[in-house]
Each structure stands twice: as C-alpha cells, then as structure tokens.
Amino acid sequence: MSKLKRSLTSPSTGLRAEAVRTRVGRLPDAPPIRLFLVDDHPVVREGLRSFLGADSRFKIVGEAVSGEEALSLVLRARPHLVLMDINLPGMSGLEALQHIRAANPKQLVILMTAFGTAQTAIEAMKYGAFDYIMKPFDPAKVLALAENALKAHADMRSAGDYKPSINADDYREGIVGASPVMQEVFKVIGQVTASDVTVMITGESGTGKELVARSIWKHSHRAKGNFIAVNCAAIPDNLIESELFGHEKGSFTGATNQRIGKFELCDRGTIFLDEIGDMALATQTKILRVLQQGEIQRVGGTDTIKVDVRILAATNKDLESMVKTKTFREDLYYRLNVVRIKMPPLRDRREDITLLVDHFLGSYAKQASKPVKTLSTACMEDLLNHEWPGNVRELSNVLERAVVLNASTLIKTEDLPAHLLRQ
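Mapping of the sequence shown onto the numbering used here: position 75 corresponds to residue 64, and the numbering continues sequentially without gaps.
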C-alpha cells in the first residue's frame, strides 16, 4: 500500500494545488488495474501519471491526446479503466465514450472536464460513463474513483457485469446549478433516462421538480411521446379520476361526451403526477393498477384499456409518515419510490444563486425585448443572503419583476421587494 503526496500549482492541470496523502485499499491477489489516459494537456497527463502510476495497483498502459486517437489505441491497449477529458480537439470525449462503449460495453470510462454543465453530466451517465469528475480535482478524489473502478472491475471478474456509479453535473432544460448537490441530481437524471423505472422527485415547492421530470422525459427513449404534467393538488377529488382516466358519456352529471384521459393521451409517453401526496386513496388504488398491470378503465366504462406510460411523481410532503398514518398507500409508495431524486432548497445551494441570476436576467430581458440588466453589488448581496422560502421560483419571480419594472440597465437594492432588503 503506497502513500502518495503530490502538489501541483497550475489550475490548468485539473489538480488542486494542495498536498494529498491517500491510502488505497488493496484487493487480495488482484492484478494491477490497467489505466488509459486521454487529455490534450500534457501537464494533466503528467500529473495523473505521476500519482496513479506510483501506486503498484495501477498500471498506465497508454495515452492519447484526442478522441480519434483514443478510439484506435484503447481497443488495442485493452485497459480496465479509461480516464478521458470531455473537451478534446476534434471528436469530443462524449462522442468517444459512445464509440468505445459500443465496441466494448463493459469498458469502464471516467470523464473529466473543467466546463461542467447539467446537459453534459446527464449525457455522460446516459451513455454509460462509470463516473464523472469536475476539474480542478485533487489526487484523493481521483484515487477514490480509481478504487471504485477497481472494485467494479473485481465485480466484473466475479459476476461478469457491473452497474455504473453515480456522478455528474451541468445545467439545461431550465435546470441551473453547479453545486455538488445539483451535480448529484444531474447524475441520477442521466442514469434513469435509459430505462422506464419510476422516479419519485421530492423537495420543497419551487425547487424545480417538474423541470427534473421534463429533463428525464426529454433524454429518454420516450421523448417522441407526450409529456403531460398533472397537479394532483389542483384538481378536486371528484374530478381527478376523469382527468386521469377519462370517462364515458353519461357516466355522471355533466358528462355529455366521452372524454379521453391523460393516461391514454400519454400512451408511449410520460406522465408526471405532481403533488401526488394530495391524491385521494381511491385514486391511488387506480394508479397502482396502472403500475402493476399497465391498464385503466374510464369512469363509467367497463372496457379495460392497455396503456404504455412511464410514471414520474413528485411531492413536497413526507410520504413515509403518510404511509404510517395510512393516508398514503404503502404498496403504491414502494412502487413509485424505486429511484428518488431529492431537490435541495435554494438556501442549501447558495453558490448557485449567481448562475441562476445570470440565467433569469438573460431570459427575462429577451422575453421583454430589453437589454440584459446587471445587479449592483449590494443587490447581489441581498439575494445571496435571503433565505428564499419560495426557492428558485421565488428568485425567478423577483428577477422577472425587476427586469419588467426597471427602466435602467442596473438593478439596485431599492428595486427589490421590501421583504428581501437587508435588515
């Protein structure tokens, strides 16, 4: 077991300028992990080669400076793990990842980038990256990922397969964030797009749960089908079944015509059940039937209708407590909660506020056909210090108001709502 200590001063290397001492556990009788490095910056490759190659459990078997070169050399070198930059000259790391995985579906690839975005992270995991790391990174982080890959390689040797780990980051589809907690959100989005697994999205109101659902749909194989969002809290209990499943003519007072419900309209698509914690128990039973049997009945009808729909759900309530009090079906809870994505409140990712401000100012200026506005230093401090009980939605509304009402190109503290001003 080796002790590694490395200090690099240039941020362009992707390695933090700090001394790192790390121990990596050894798997008994495991052969060295064969590593292949792909980066167009010699200093990055030198740094990786220095501290990874110094450990007897890792062996550098090749290097490349472009995606095209990596394709030809990786297939010959047969590494266990490829460490590859995304931003390469010519073919990008994402393109190279797809080609490498097509040629060898079991090839482990960790992608590296200094310019992470939500879209990049989602695509990295969607196309089968084992993991994803942002530059600048420290040797301890790289070694930890390499150790995870070593364990995955050992699992592959014993079980013949592996499951990609979770890792990623970026913004798109209206989701903005570079904080570590949002990077984890993007990683999970990327992983669930390749299947029809049900996903439960939790978090306070205004955190962006519907944006996550739309991103999952848009990156999935169901993207050509419909996406329909249903706010379960906004529809009365006596109408929600008709809304979801449709009804036959004459099935109740006012049903003068047959109605096609949201599930039929979403056949081969995705339905998003927002605020599902507000759904009545009787309707929950029918949602469970869709999940278990893939079929519905219109209100007042007798025919069984098959539907092929992916269900995504969201709530700001504590469903576990509701299960205990029998106000939410336990069997439905476990059916919906196969994968959970927890959206953090804005106060827990304040480092994203500047990115969000830039995003909203540009968006609302374009909508209003006005020049892009900037914030005074004091104004930005107010935004950074506010608790944001309404989360991203509240920030969005504040900035939209400021863009529309302010004739100047500079937004000042006095342009903000009174409740945001510093005490």
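Glycine included, each C-beta is placed from N, C-alpha and C at the ideal position.
* Asked: Whose CA, out of Pro68, Ala396, Ser45 and Met80, lies closest to the CA of Val54?
  -> Closest by alpha carbon: Met80.
* Asked: Checking contacts by CB at 8 Å: is Val170 closer than that to chain B?
  -> The structure shown contains no chain B; it is built from a single protein chain.
* Secondary structure of Asn220, DSSP reduced to three states -> It is a strand residue.
* Which same chain residues, not among the five before or five after Gly42, have their C-beta less than 6 Å away from its C-beta? -> For Gly42, where only same-chain residues beyond five positions count, the Cβ hits under 6 Å are Ile49.
* To do: Could you check what DSSP says for Lys130 in three-state terms: helix, strand or coil?
  => In this structure, Lys130 counts as helix in the three-state DSSP scheme.
* To do: Measure the C-alpha to C-alpha separation of Gln108 and Val177 and round it to an integer number of angstroms.
  => In a straight line, the C-alpha of Gln108 is about 12 Å away from that of Val177.
* What are the residues that DSSP puts in a beta bridge with Thr109? -> Bridge partners of Thr109: none, in fact.
* **Completely contained alpha helix (DSSP H) runs for the stretch 299 to 331, where each covers 4 or more residues** => Fully enclosed alpha helix (DSSP H) runs of 4 or longer: 308 to 313 and 319 to 325.
* Asked: Relative to the alpha-carbon of Lys238, which residue among Trp206, Val201 and Val288 has its alpha-carbon at the smallest distance?
  -> Here the closest residue by C-alpha is Val288.
* To do: Within the stretch 363 to 404, note down every full alpha helix (DSSP H) run reaching 4 residues or more, in order along the chain.
  => Taking only runs of at least 4 residues, the alpha helix (DSSP H) segments lying wholly in the stretch 363 to 404 are 366 to 374 and 380 to 394.
* Asked: With distances taken from CA atoms, which of Tyr116, Leu100 and Asn76 is nearest His88?
  -> If we check each option's Cα against that of His88, Tyr116 comes out closest.
* To do: Would you tell me roughly how many angstroms separate the C-alpha atoms of Arg146 and Arg46, rounded to the nearest one?
  => Per-residue confidence for Arg146 stands at a pLDDT of 49, beneath the threshold of 50, marking its modelled position as unreliable; the derived number appears in the next sentence. If I take the Cα positions, the gap works out to 16 Å.
* **Distance between Glu57 and Phe443 (C-alpha atoms, nearest Å)** => Outside the displayed span of the chain (-10 to 412) sits residue 443, for which this structure offers no information.
* Using a Cβ-Cβ cut-off of 6 Å (strictly less than) and excluding sequence neighbours within five positions of Arg278, which residues of its own chain qualify? -> Within the same chain, no residue comes within 6 Å of Arg278 by CB-CB distance, once the 5 residues on both sides are set aside.
* Segment contact flag, the stretch 68 to 87 with the stretch 16 to 36, C-beta cutoff 8 Å, min 3 pairs -> Three or more pairs of CB atoms, one per stretch, sit closer than 8 Å, so the stretch 68 to 87 contacts the stretch 16 to 36.
* To do: Count the other C-beta atoms from every protein chain shown that fall within 10 angstroms of the C-beta of Arg210, then say buried if there are 16 or more, exposed otherwise.
  => Going by the sequence as given, residue 210 is His instead of Arg. For His210, the number of other beta carbons within 10 angstroms of its own is below 16, and it is reported as exposed.
* Enumerate, from N- to C-terminal direction, the unbroken beta strand (DSSP E) stretches of 3 or more residues contained entirely within the stretch 11 to 65. => Complete beta strand (DSSP E) runs here, min 3: 22 to 27 and 47 to 53.
* Below 8 Å, can you find three or more Cβ-Cβ pairs linking the stretch 94 to 105 to the stretch 65 to 73? -> Using a Cβ-Cβ distance cut-off of 8 Å, the stretch 94 to 105 and the stretch 65 to 73 are in contact, since at least three pairs of beta carbons, one from each stretch, lie closer than that value.
* **Under 8 Å between C-beta atoms of Lys275 and Glu230** => Closer than 8 Å, so yes.
* Best match in Pro333, Arg339, Leu132 and Leu83 for proximity to Arg38 [C-alpha to C-alpha] -> Answer by Cα proximity: Leu132.
* Over what stretch of residues does the alpha helix (DSSP H) that includes Thr272 continue unbroken? -> Following the DSSP letters along the chain, one finds Thr272 inside the alpha helix (DSSP H) bounded by residues Leu270 to Gln282.
* Under the assumption that Thr187 contacts Leu280 (Cβ atoms under 8 Å), give the Cβ distance between them as a whole number of angstroms. => 7 Å between Cβ atoms; contact.
* Within the chosen definition, does the stretch 162 to 171 reach the stretch 354 to 368 through at least 3 CB pairs nearer than 8 Å? -> No: fewer than three Cβ pairs fall under 8 Å.
* Please determine, among His236, Glu284, Asn137 and Thr196, the residue with the shortest C-alpha to C-alpha distance to Lys264. => The residue you asked about is not Lys; residue 264 is Glu in the sequence shown. When each option's Cα is compared against that of Glu264, the closest is Thr196.
* Nearest-angstrom Cα separation, counted from Asn380 out to Cys368 -> The straight-line gap from Cα to Cα measures roughly 18 Å.
* Asked: Under a three-way DSSP split, which group does Ala407 fall into?
  -> It is helical.
* Helix, strand or coil for Lys295 per DSSP? -> Lys295: strand per DSSP, three-state reduction.
* Asked: Given Val328, which residues of its chain have a CB within under 6 Å of its CB, disregarding the five upstream and five downstream residues?
  -> In chain order, Val181, Val186 and Val188 place their CB closer than 6 Å to the CB of Val328, counting only its own chain and leaving out the 5 sequence neighbours on each side.
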